[in-house]
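Written out below as structure tokens is the structure these notes cover.
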Amino acid sequence: MAFLDMQGLVKRYGDFTAVAECSLSVEKGEFVCLLGPSGCGKTTTLQMVAGFTEPTAGRVVLDGRDITALPPNRRGLGIVFQSYALFPHMTVGDNVAFGLEMQRVPVEERRRRVAETLELVHLTPFAKRFPKELSGGQRQRVAMARALVIHPPVLLLDEPMGALDAKLREDMQIELRALQRRLGITTLMVTHDQAEAMTLADRVVLMNKGRIEQLDSPFGMYEQPNGRFSSTFLGKANVFEGRLDGSTVLVGTTCLPCNTAAAAGPVDYIVRPEKVMFTGADALVHGRVMARVFLGNHWLFQLDTPLGPVQATQVNAGLPSVAEGDSVGLTWATEHARVVPRSH
Amino acid sequence: MQERQNLLPVWLSAPGALAMLAFVALPLVLTLSLSLYPFVPGVGVGEGLTVANFADIAKDDYFHTIFARTFGMALLVTALCIAIGVPEAYVLSRLSPRWRAVSMVVVLGPLLISVVVRTLGWAVLLGNEGVINKSLMAMGLIQEPVRMMFTFTGVVVALVHVLVPFMVLAVWASLQKLDATTEQAAESLGAGLPTVLTRIVLPQVIPGVLSGGLIVFALAASAFATPAIIGGRRLKVVPTTIYDEFLGNLNWPLGAALAVVLVVIVLVVSLGVNRLVERHWKQVFQ
Numbered sequence: 006m007a008f009l010d011m012q013g014l015v016k017r018y019g020d021f022t023a024v025a026e027c028s029l030s031v032e033k034g035e036f037v038c039l040l041g042p043s044g045c046g047k048t049t050t051l052q053m054v055a056g057f058t059e060p061t062a063g064r065v066v067l068d069g070r071d072i073t074a075l076p077p078n079r080r081g082l083g084i085v086f087q088s089y090a091l092f093p094h095m096t097v098g099d100n101v102a103f104g105l106e107m108q109r110v111p112v113e114e115r116r117r118r119v120a121e122t123l124e125l126v127h128l129t130p131f132a133k134r135f136p137k138e139l140s141g142g143q144r145q146r147v148a149m150a151r152a153l154v155i156h157p158p159v160l161l162l163d164e165p166m167g168a169l170d171a172k173l174r175e176d177m178q179i180e181l182r183a184l185q186r187r188l189g190i191t192t193l194m195v196t197h198d199q200a201e202a203m204t205l206a207d208r209v210v211l212m213n214k215g216r217i218e219q220l221d222s223p224f225g226m227y228e229q230p231n232g233r234f235s236s237t238f239l240g241k242a243n244v245f246e247g248r249l250d251g252s253t254v255l256v257g258t259t260c261l262p263c264n265t266a267a268a269a270g271p272v273d274y275i276v277r278p279e280k281v282m283f284t285g286a287d288a289l290v291h292g293r294v295m296a297r298v299f300l301g302n303h304w305l306f307q308l309d310t311p312l313g314p315v316q317a318t319q320v321n322a323g324l325p326s327v328a329e330g331d332s333v334g335l336t337w338a339t340e341h342a343r344v345v346p347r348s349h
Numbered sequence: 078m079q080e081r082q083n084l085l086p087v088w089l090s091a092p093g094a095l096a097m098l099a100f101v102a103l104p105l106v107l108t109l110s111l112s113l114y115p116f117v118p119g120v121g122v123g124e125g126l127t128v129a130n131f132a133d134i135a136k137d138d139y140f141h142t143i144f145a146r147t148f149g150m151a152l153l154v155t156a157l158c159i160a161i162g163v164p165e166a167y168v169l170s171r172l173s174p175r176w177r178a179v180s181m182v183v184v185l186g187p188l189l190i191s192v193v194v195r196t197l198g199w200a201v202l203l204g205n206e207g208v209i210n211k212s213l214m215a216m217g218l219i220q221e222p223v224r225m226m227f228t229f230t231g232v233v234v235a236l237v238h239v240l241v242p243f244m245v246l247a248v249w250a251s252l253q254k255l256d257a258t259t260e261q262a263a264e265s266l267g268a269g270l271p272t273v274l275t276r277i278v279l280p281q282v283i284p285g286v287l288s289g290g291l292i293v294f295a296l297a298a299s300a301f302a303t304p305a306i307i308g309g310r311r312l313k314v315v316p317t318t319i320y321d322e323f324l325g326n327l328n329w330p331l332g333a334a335l336a337v338v339l340v341v342i343v344l345v346v347s348l349g350v351n352r353l354v355e356r357h358w359k360q361v362f363q
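Chains as they are written, first to last, in the working numbering: chain C, 6 to 349; chain V, 78 to 363.
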């Protein structure tokens, strides 16, 4: 059995269903990310694991022990809140020591472990400061230290980078990932930021409307999205509605090639923008460049084609040969096209 | 343009400042000057300047007792208001919005009723022939009425009743600013409810407790109607004594001197406590 097991978790508030069904197994030492748009139920799921929300149905099993009925203060999980929830009236040191104090750890050991943990997050010189005297990134580290010092079996992170600016967020992500790998701590994180999920997680749990939409490694999910929602929430995608017939998909009047074992019928034909190439001959479809946008490391093209609007990107290797208003042929490798039966 | 902008705040605050000057500062200054005139029996306010009125207050044990009683009462009322008001505000903040609205009206109830009506209501309850004594006797719990009117306890109970709302409102304002996830964080670290309340919630609402406490203390020390009706002549406090000096003995300078001493003590205590608390709990006041 997995280390942390969520079995058929459901949460309903009257008529409103926050989490329709969530079953998920997290292995020891794994970093799992709950990803989804706001209102998809990811935070509610985390709250049920933490014990702040009582599930309507289902169980939470930690290391073989059913903890569904345990109050949060007896679960012993380390939690980092989006707002950090630092105690403003205590110094950084006292904040970190609080959990050990609650566990009645002797003063000497407490002092040693607080010092160790502050060292771990590079905050040793700040032990005597108060949270208000720290920057956002430093507060985030204090919250991390406070959760880690009690040596929790599982670390729960609720949008831990949400309050940081973009540059700092990237640095903290890399630091968090290194820390998690070093400690080997089982981690469950909630985020709405797909880049963050891809950076940090071993496995991504994509949630939508209270259900798990797809569960895979970041690479697997990006390359093999199982539908329109996955493909557009994680990265960008061109999605064409068509009909599968044998080894071709008919979109409007255009035939597109594909490799799929799916049964004939209505399908979504998905191609990532970076897989779309410009070609002179053998074009799958022709289009007209409506816009060309420079984005630093790559160029983005908006094209108008018989399939509908298409996005294509090209690595920035100098000024591209294609300009706005040009007519171009488009092609992509058959194995880069994903075909999934249309769910609705 | 720049000049006009700079003057705007002055113009906007001028009416309020003038009203304060005319109706608060001026009477206070007049009271202070009145306290420095001698009292001539049969004549009233005499000629010349003297500190004799203050000397009388400083020397006379009668006044010492009254001041001690007044401030002892104000401190006790403040302590009780903190003990009742802080938990009350916390419970209120945890209610659903609908029950919170209803409970708010109940909490503010005492303030919506005229002081005389409310105090006479307490007199009806507390008297020897009052509701409480009669029912206790009817139940056979007591043989003789328990004296509650004209007692220290009676005055304290009636004052706490009307002053608790100020404490609740002040603490409520502080609770609004409290980050509720700090309670969850403490819980996740293993703290039970009592620890969360004493170690996490209470320290963060200290500013509210302080401002509520200062309001309650000042209002209790200067309360007139409640001590006058429930305490009566038997249990004099400074405000009722001032009233008697002005209107009973017609000794206006002594009454004014008592008023000045009362104001000064309330100010000194309030400012002193304010500074102490703000220094000790520096972090939550920023």
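Heads up, the beta-carbon is just placed ideally off N, CA and C, and yes, glycines get one too.
- Isoleucine 277 of chain V belongs to the set of residues whose beta carbon lies under 8 angstroms from a beta carbon in chain C.
- Among the bridge pairs identified by DSSP, valine 159 of chain C is matched with C/Thr191.
- Secondary structure at valine 327 of chain C: coil, using DSSP grouped into helix, strand and coil.
- The Cβ atoms of asparagine 213 of chain C and cysteine 45 of chain C sit closer than 8 angstroms to each other.
- Lysine 359 of chain V and alanine 200 of chain C have their C-alpha atoms some 40 angstroms from each other.
- In this structure, DSSP gives leucine 123 of chain C a helical state, which the three-state scheme calls helix.
- The Cβ of proline 77 of chain C sits closer than 8 angstroms to at least one Cβ of chain V.
- Annotation: Cβ neighbours of tryptophan 358 of chain V in chain C (cutoff 9 angstroms, chain order): His94.
- Its Cα nearest to that of threonine 192 of chain C, the residue C/Val85 stands out among C/Val85, C/Gln108, C/Leu300 and C/Pro311.
- Cβ-Cβ distances below 8 angstroms link methionine 149 of chain C to Val85, Val126, Pro165, Leu181 and Leu184 in the same chain, with the five nearest sequence neighbours on each side left out; the list follows chain order.
- When secondary structure is reduced to three states using DSSP, glutamate 246 of chain C falls in the strand class.
- Across the set C/Glu340, C/Glu329 and C/Lys33, the C-alpha of C/Glu329 shows the shortest separation from the C-alpha of arginine 293 of chain C.
- Burial check for glutamate 206 of chain V: the Cβ neighbour count within 10 Å stays below 16, so the residue is exposed.
- Here histidine 341 of chain C is actually not in contact with valine 320 of chain C; their C-beta atoms are around 16 angstroms apart, not less than 8 angstroms.
- Taking a beta-carbon distance threshold of 8 angstroms, lysine 133 of chain C does not count as an interface residue toward chain V.
- Beta bridge pairing from DSSP links leucine 305 of chain C with C/Val298 and C/Thr318.
- Contact between the stretch 102-111 of chain V and the stretch 321-339 of chain V is present, with at least three C-beta pairs closer than 8 angstroms.
- Separation of valine 340 of chain V and methionine 244 of chain V (C-alpha to C-alpha, rounded to the nearest whole angstrom) is 21 angstroms.
- Rounded to whole angstroms, the gap between the alpha carbons of glycine 247 of chain C and phenylalanine 224 of chain C is 26 angstroms.
- Each residue's CA atom was taken as its position, placing alanine 132 of chain C and leucine 105 of chain C some 16 angstroms apart.
- At a Cβ-Cβ threshold of 8 angstroms, alanine 152 of chain C and leucine 160 of chain C count as neighbours.
- For glutamate 355 of chain V, none of the residues of chain C pass the 7 angstroms Cβ criterion, the least Cβ distance being about 13 angstroms.
- The straight-line gap separating the alpha-carbon atoms of glycine 141 of chain C and tyrosine 89 of chain C is approximately 9 angstroms.
- Taking a beta-carbon distance threshold of 8 angstroms, phenylalanine 234 of chain C does not count as an interface residue toward chain V.
- Sequence-distant partners of valine 15 of chain C (beyond 5 residues in either direction) whose C-beta falls short of 8 angstroms from its own C-beta, in its chain, are Thr22, Val24, Ala25, Glu26, Cys27, Pro60, Thr61, Ala62 and Gly63.
- Put simply, the backbone Cα of leucine 103 of chain V is about 10 angstroms away from that of leucine 95 of chain V.
- Proximity to proline 262 of chain C across C/Asp221, C/Val327 and C/Leu249 peaks at C/Leu249, based on C-alpha coordinates.
- In the DSSP assignment, isoleucine 72 of chain C falls outside any alpha helix (DSSP H) and carries neither an H nor an E.
- Under the Cβ criterion of 8 angstroms, glycine 142 of chain C is not counted among the residues facing chain V.
- A distance below 8 angstroms separates the beta carbons of alanine 206 of chain C and valine 37 of chain C.
- Per DSSP, reduced to three states, the secondary structure at arginine 17 of chain C is strand.
- Of all residues in the stretch 245-262 of chain V, only Asp256, Thr258, Thr259, Gln261 and Ala262 place a beta-carbon less than 7 angstroms from a beta-carbon of chain C.
- In the pairwise beta carbon analysis, the stretch 245-252 of chain V is classified as touching the stretch 162-175 of chain V: at least three pairs are separated by under 8 angstroms.
- Contact between the stretch 128-141 of chain V and the stretch 274-287 of chain V is absent: fewer than 3 CB-CB pairs across the two stretches fall below 8 angstroms.
- Separation of the CB atoms of threonine 318 of chain V and isoleucine 143 of chain V is rounded to 5 angstroms, and the pair is thereby assigned contact status at 8 angstroms.
- The beta-carbon distance between valine 195 of chain C and lysine 47 of chain C, rounded to whole angstroms, is 5 angstroms. This is short enough to meet the 8 angstroms contact definition.
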